[in-house]
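Presented below is the structure to which this report refers.
2 protein chains.
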Amino acid sequence: MNDDLFKQLIESVGQANDIIKGNARPTRTTKFAEPQVRAIRAKTGLTQARFADVLGVSKRTLENWEQGRRHPTGPARALLKILDADPKHALEALNQ
Amino acid sequence: MNDDLFKQLIESVGQANDIIKGNARPTRTTKFAEPQVRAIRAKTGLTQARFADVLGVSKRTLENWEQGRRHPTGPARALLKILDADPKHALEALNQ
DNA sequence: AAATTAAGTGCGTCATTGGCGTATTTTTGT
DNA sequence: ACAAAAATACGCCAATGACGCACTTAATTT
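Protein chains in written order, with my numbering: chain A, 1 to 96; chain B, 97 to 192.
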C-alpha cells in the first residue's frame with residue numbers, strides 16, 4: 001500500500017487539484033468536469049432505474065442530471081469518472 | 097463491454113438493489129453501508145484536505161463525515177466503497 | 001519553543017435530493 | 001401494424017447535505 005508509486009500517485013492527484021484551484025471559487029467548487037451522464041450510462045446499457053441504483057441516487061435525481069436541471073455533486077462526478085474509465089471494474093467493486 | 101459476464105454482473109447489481117428496496121423508504125434511501133470514512137482515509141495516508149480533494153468535497157464536508165455530524169450521500173458512499181476496495185486503482189482512474 | 005501544518009467547530013446560506021403522481025415516448029411481443 | 005409493457009420526463013417542495021468564513025485547538029516539524 002505505501003510503496004513509492006502509490007505516494008507519487010497521491011502527490012500528483014493533490015497537485016493537480018492545487019493547480020485547478022487557482023481560479024474562481026463558485027458556491028461549489030468544480031473539481032471534476034461536468035460528466036456526460038447519459039453517455040456514460042449508455043456505455044453500461046443500464047436503464048435509468050438500474051444505473052441510479054448503482055450510483056446510489058434515485059431515478060429522479062439521475063433524470064435531473066441527464067436533463068441538465070441539476071448537477072451531480074463532487075463525489076458523484078468522481079464516481080461517474082471512474083465508471084466511465086472502467087465500468088466493469090467499478091461495478092465489480094460496487095457489487096463486492 | 098457487452099459480454100455475458102458483464103451482463104450477469106449488471107443483473108446481480110440490480111437484483112441486489114431490488115431486494116434491499118423491499119423495506120421502508122426514508123427521505124433518502126440508504127443503499128450503501130455507512131462507511132468508516134476515517135478508516136478509509138487512513139488507508140491512503142492522505143490528510144483531510146487532500147482526501148477531500150480526491151473525493152470532490154470540501155475539507156469541511158469531510159470533517160463533518162468523520163465526526164458523524166453529516167452523512168455522505170449515496171454517490172459518496174459508493175465512491176468510498178470503491179476507494180476502500182482498491183485505493184490504488186481508484187486513484188489512478190480519478191487521476192487519469 | 002516557535003513556526004508550520006492538520007484538525008475541529010458555530011453559524012448561515014443555498015443547491016440538491018427524491019417521493020408521488022401523471023404524462024409522454026420508446027421498446028417489445030405477436 | 002397494434003396493443004401492452006417498460007422506460008423517460010417533469011412539477012411540486014420539505015428535508016438535508018454542502019461548504020465558505022473565521023477562528024480555536026491539536027499535532028508535527030524545525
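Note that the Cβ used here is the ideal one computed from N, Cα and C, for glycine as well.
As the structure is a computational prediction, the values presented were derived from the model and not from experiment.
In the structure shown, B:Thr157 falls within a helical segment according to DSSP collapsed to helix, strand and coil. Listed in chain order, the non-local C-beta contacts of B:Ala186 below 7 Å within the same chain comprise Ile178 and Leu179, local neighbours out to five positions each way being set aside.
For B:Gln144, the nearest beta carbon of chain A is not closer than 8 Å to its own beta carbon. Residues of the same chain with a CB within less than 7 Å of the CB of B:Leu190, apart from the 5 flanking positions on each side, are Val150 in chain order.
Per the C-alpha coordinates, the member of A:Lys88, A:Gln96 and A:Leu79 positioned closest to A:Thr44 is A:Lys88. The beta-carbon of A:Leu62 is placed no less than 8 Å from the nearest beta-carbon of chain B. In this structure, DSSP gives B:Pro131 a state outside helix and strand, which the three-state scheme calls coil.
Just measuring C-alpha positions, the residue of B:Ala181, B:Glu188, B:Asp182 and B:Gln144 sitting nearest B:Glu162 is B:Gln144.
Contact annotation for A:Gly68 against chain B: no contact, minimum CB-CB distance about 17 Å [criterion: below 8 Å]. For A:Gln48, the enclosing alpha helix (DSSP H) has its first and last residue at Gln48 to Leu55.
In the displayed model, A:Gln67 falls within a helix according to three-state DSSP.
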